[in-house]
Amino acid sequence: EKSGFSPPASPAPPQSPLEFRAMPLDPLERLSLALLLAMGTRPGLSGPVSTCDANGSLYFLGEWYSLDSDPCIQCECTAEGPACARTDCAALPPACIHVSHYPGDCCPRCERVGCEHRGQVYELGQHFQPSECEQCTCDLDGIARCLVADCAPPPCVNPIYEKGHCCPICKEGPNCYVDGSQHDIIPAGESVWV
């Protein structure tokens, strides 16, 4: 019958110092090994152990960690001490319209791609009509490209705008002209005495 604390199982002795690899340890194993190291012993191994102390934790050879003070700094525990470098974040897609930055993450994340046009969000490749006179497409680069209708002058002097139509229409029909001249106009639907 065993009671109390027992140290973690001893790793197999390395063939040479270069072949030693760090193993992930659960918190109890890490604490046990840290206590043994503090007492100057190492089960099954002889010689000093290289560790790195950061973030209030003990890291072993080959272990990677981020600094709590700057998650963009990644370090590896080496025999020479911590070897650290700044993480380069990948560029976000040009069509990214919603970016999030989570605590503990170094790089921002793109949560949604698409186009924003006049306060509305559209999917990439989506065709939409924000008004009767516009036809738009959400391009893959996240830009809404729109064509606006170019209306010809209406053939009447009293055109009206109707919902659902971009260009003005002549409700009463086209104008009439006196003697084929474009100068003397008779508005559509009106009578004149000549």
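Quick note: the sequence shown uses the UniProt record's numbering, first residue 1, plus one each step.
Ideal placement from N, C-alpha and C gives every residue a C-beta, glycine not left out.
The beta strand (DSSP E) that contains residue i, what's its start and end?
{"i": "Ala85", "result": "81–86"}
{"i": "Leu58", "result": "57–60"}
{"i": "Ala54", "result": "51–54"}
{"i": "Cys167", "result": "Looking at the DSSP string, Cys167 is not in any beta strand (DSSP E), and its letter there is neither H nor E."}
{"i": "Tyr161", "result": "First-last for Tyr161: undefined, no H or E at that position."}
{"i": "Leu116", "result": "Note on identity: in this sequence residue 116 is Glu, with Leu being the wrong assignment. Start and end: 115–117."}
{"i": "Gln126", "result": "Element bounds for Gln126: n/a, residue is neither H nor E."}
Does the beta carbon of residue i sit closer than 8 Å to a beta carbon anywhere in chain B?
{"i": "Ala90", "result": "Considering every chain present, this structure includes no chain B. It has just one protein chain."}
Quick check: the Cα distance between residue i and residue j, rounded to an integer number of angstroms?
{"i": "Glu91", "j": "Gln126", "result": "The sequence as given places Ala at residue 91; Glu does not occur at that position. For Ala91 and Gln126, the distance between alpha carbons rounds to 24 Å."}
{"i": "Cys106", "j": "Pro71", "result": "5 Å"}
{"i": "Leu35", "j": "Arg109", "result": "In this predicted model, Leu35 has a pLDDT of only 45, less than 50, meaning its place in the structure is not dependable enough to derive any value."}
{"i": "Thr137", "j": "Pro168", "result": "25 Å"}
{"i": "His98", "j": "Ser131", "result": "25 Å"}
{"i": "Cys52", "j": "His101", "result": "29 Å"}
{"i": "Lys163", "j": "Cys156", "result": "19 Å"}
{"i": "Glu123", "j": "Pro93", "result": "14 Å"}
{"i": "Ala54", "j": "Leu61", "result": "13 Å"}
{"i": "Cys75", "j": "Thr87", "result": "10 Å"}
{"i": "Cys84", "j": "Ser69", "result": "13 Å"}
{"i": "Glu63", "j": "Ile73", "result": "14 Å"}
{"i": "Ser50", "j": "Gly104", "result": "27 Å"}
{"i": "Ile140", "j": "Glu111", "result": "Ile is not the amino acid found at residue 140; the sequence shown has Leu there. So the two alpha carbons sit approximately 16 Å from each other."}
{"i": "Gln120", "j": "Glu80", "result": "55 Å"}
So what does DSSP say about residue i, is it helix, strand or coil?
{"i": "Ile73", "result": "strand"}
{"i": "Val148", "result": "strand"}
{"i": "Val99", "result": "strand"}
{"i": "Leu67", "result": "strand"}
{"i": "Cys110", "result": "strand"}
{"i": "Glu132", "result": "coil"}
{"i": "Pro11", "result": "Residue confidence is low: Pro11 scores 43 on pLDDT, short of 50, so the model does not pin down where it sits. Its coordinate-derived value is still stated next. Coil, per DSSP."}
{"i": "Cys89", "result": "coil"}
{"i": "Ala34", "result": "Note on Ala34: pLDDT 47, under 50, position unreliable in the model; the coordinate value appears next. Of the three classes helix, strand and coil, the one that applies to Ala34 here is helix, per DSSP."}
Taking the beta carbon of residue i as the centre, do at least 16 other beta carbons fall within 10 Å, making it buried, or is it exposed?
{"i": "Tyr59", "result": "buried"}
{"i": "Gly114", "result": "buried"}
{"i": "Cys77", "result": "buried"}
{"i": "Ala144", "result": "buried"}
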